[in-house]
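Below: the structure, in structure tokens.
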Amino acid sequence: MIAEGKTIPGLGDENSDRGSSLWTYSVFDREHITLTAKLRLGTPITDSPGETVGGAAPTGVVASKDAVFVSLAHSDAIAKVSPDGTRLLAQAELSPFAGSIFRDPAGRPLRGVMPSGVAVGGGRLYVAESGINAVAVLDTDTLQVLEHIPVGWNPTAVALSSSGSTLYVINSKGKGSGPNAGRERDPAAPTYIGSLELGSLSAISFPGLPPADALTQIVVSANSAAIANSTPLPRLKHCFLIIRENRTYDEVLGDVPGANGDASLARYGMDGWTEEKKQAKHLKVTPNLHALAARFAISDNFYVDSDVSADGHRWMVGIQPTPFFNTAWTSSYGGRRQSSPTAEQPGRRALFGGADAPMPEDEPQFGSLWEHVAANGQGILNYGEGLEIEGNVEMPGAQPEGQRLLLNAPLPKPVFEASDRRFPTFNLGIPDQFRVREFERDFRLKLAAGKVPALIVIRLPNDHTADPRPGDGYPFRASYVADNDLALGRIVAFLSRTSIWKDSAVFVTEDDAQSGVDHVDAHRSILLVASPWVKPGMVSHGHASMGSITRTIDELLGLGPLNLEDALAAEITGIFDAQPHLEPYATRAADPRVFIPARARFAKPKSKKESAALLDVDDADEIRKQLKKEAGNLRRPNDD
């Protein structure tokens, strides 16, 4: 195809047997292993709006004497295949949820059971259901689902004992991470989120188990608990989702009165400090976020589902990462699978990426939030999220636009059609003030033309922080947070003076919380909701997650649920009001000791190392080193 004057190789057949398929090999001759069959699994991908846009994501495989069983993570199903791998014998859906509330607007069952590891024995098939914390038990002959057994968090692997009387289940998230600061933290434990989570093992003895119906009901009830007391929300026309980078609740909002915070950890708060050797104290690092919290609503009980940017930017648009993806990013971040964009081997070198679009194997069967909104005819706009476009190595005098990548993933059609090509993607060498300038320029055109869509996604990445650049207006790492804070204030102030403000809500959150510490949980992060329809100064104490944001956007726009993740999520409790509060917001100036906007300019890296540091979304080793380096400065210093 030819795009923008350039010839680009086509992507090929989206239903090729090179993807979402079971390949069978003959290993009788170990010296000459041969491929004997390829079988595409799952519903074919179509080009029609509202139809199947993602592959089945085959994940777990196990063979019996009579058949091969394959779990299909994106189809919430089990495929039964002939022993030679050439024919699909049967397929069974797994979801234990019934009723119209568990179907999308098109009447399709909501996905999210996420089957993964499988085991077979004694005429039974056991399937780890990662998305609902259960194990399904099926009859191997009929593929009838007999029961769902509750287990731990995010089960991914199952195995039978040799006697067949005990089932062992690996739960990859175990009991979660817990706090990485404060009195409840184990002082011997690491602070980096990727090193905190420990899996767990469930051992299930079959003799004496409760009746199958009772076990299944426990699974359904546990997953549905959050939706028991739902309240109706106002109907709005426009939702803005602002995605920032890597901060916990305590390190920014821990000093908010009336909330569950630890002010001694609020290094980026209103009495903040810097971690550099030449330390500055009593800094107003985030005056806008704090003013917005006082004017609108926040949650002090919000948790990101993600661990790092790799999965975070998928969760943000309603994509629950598959077990394969979770294995890939943990291997990469753990240093056991290195990616090199300059390697000579064929194929994509990166199995994760915070700035890139969801790769084809990531796409759920019925798509992400992008497809969900677009399929309902309400329209989207995208400023910087999920893009791989040209970056900061350009012609002399040209302004950089974002991250420079030698590899590209194909963009989902709604993202491709709705993205502002001039808005910078992830590049910490570009001030967030420049992102605001471009957003305002483009959005004014949409306003003037009366073409403001339902969902507008904006990426503001600079609170990620990077090394100080005093010559460019960033004397401290905290300066990047201050830049980001001013940009956030400018966006809300701008929107609050537009004609659409009375019909709008702005959600502000982080893609993950990996770069900070928190006294409640390492996953607790920032959630601000700014709208005329929220109660001024409200602090919501109810549990909330990334799915809660998606659910609230769904309800405000009248979309219906995208998948089980948002359908079963808790609502953001108590923040909406019956009457609007239309007063515009006034931007707060940055503390000049931390950040002077007039001095902010593009970085001019003097080495490849400096350039790489500005473009690296997540370097797990560097984040660990930074947390270790900052260990003595994560808590408020004493005054001399």
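Here the sequence shown is numbered in full-length UniProt numbering, starting from 1 and rising by one per residue.
Glycine included, every Cβ here is placed at the ideal spot set by N, Cα and C.
Quick caveat, the model's predicted, so the values are computed rather than measured.
Looking at the DSSP output, residue 38 shares a beta bridge with 23. Taking 8 angstroms as the upper bound for CB-CB distance, residue 88 and residue 378 are not in contact here, some 36 angstroms apart.
Between residue 12 and residue 45, the alpha-carbon positions lie close to 13 angstroms from each other. The straight-line gap separating the alpha-carbon atoms of residue 487 and residue 268 is approximately 15 angstroms. With fewer than 16 neighbouring CB atoms inside 10 Å of its own CB, residue 277 falls in the exposed class. In the structure shown, residue 156 adopts extended strand secondary structure according to DSSP, grouped into three states. The beta carbons of residue 364 and residue 154 sit no closer together than 8 angstroms. Under a 10 Å Cβ-count criterion, residue 284 is classified as buried, with 16 or more other Cβ atoms of the shown protein chains found around its own Cβ. Beta bridge pairing from DSSP links residue 217 with no other residue. By the 16-neighbour rule on beta-carbons within 10 angstroms, residue 581 is exposed.
The region 35-45 makes contact with the region 75-87: 3 or more CB pairs, one atom from each, lie closer than 8 angstroms. Sixteen is the threshold: since fewer than 16 other Cβ atoms of the shown chains lie within 10 Å of the Cβ of residue 229, the residue is exposed. Between the alpha carbons of residue 428 and residue 461 lies a distance of about 7 angstroms.
Rounded to the nearest whole angstrom, the CA to CA distance from residue 179 to residue 248 is 11 angstroms. Residue 159 and residue 148 do not touch by the CB rule: their CB atoms are close to 18 angstroms apart, not below 8 angstroms. Here DSSP, grouped into helix, strand and coil, assigns residue 456 to strand. Taking the C-beta atoms as reference points, residue 597 is found nearer than 8 angstroms to residue 590. DSSP places residue 326 inside the alpha helix (DSSP H), whose first and last residues are 323-333.
Pairwise C-beta distances place the region 235-243 in contact with the region 451-470, as three or more of them are shorter than 8 angstroms. Taken through DSSP and simplified to helix, strand or coil, residue 534 comes out as strand. With three or more CB-CB distances shorter than 8 angstroms, the region 570-580 counts as touching the region 537-551. Straight across, the Cα-Cα distance linking residue 290 with residue 424 is about 26 angstroms.
CA-to-CA, the gap between residue 296 and residue 161 works out to about 55 angstroms. Per DSSP, the unbroken alpha helix (DSSP H) holding residue 310 starts and ends at 309-315.
The region 111-129 makes no contact with the region 368-385, as fewer than three CB pairs between them are under 8 angstroms. Contact check for residue 68 against residue 83 passes: the beta carbons are separated by less than 8 angstroms. For residue 550, the three-state secondary structure derived from DSSP is helix. Of all alpha-carbon atoms in 308, 410, 64 and 446, the one lying nearest the alpha-carbon of residue 195 is that of 308. For residue 91, there is no enclosing alpha helix (DSSP H); the residue is found in the beta strand (DSSP E) stretching over 88-93. DSSP, reduced to helix, strand and coil, places residue 467 outside both helices and strands of the structure shown, so it counts as coil. Spanning the alpha carbons of residue 414 and residue 381 requires a straight line of approximately 9 angstroms. Setting aside the 5 residues that flank it on each side, residue 19 is surrounded in the same chain by 55, each with a C-beta closer than 6 angstroms to its C-beta; the list follows chain order.
According to the DSSP assignment, residue 299 belongs to the beta strand (DSSP E) that extends over 297-299. The beta-bridge partner set that DSSP reports for residue 544 consists of 302. For residue 134 and residue 151, the gap between their C-alpha atoms comes out near 5 angstroms. Residue environment for residue 144: exposed (fewer than 16 other C-beta atoms within 10 angstroms of its C-beta).
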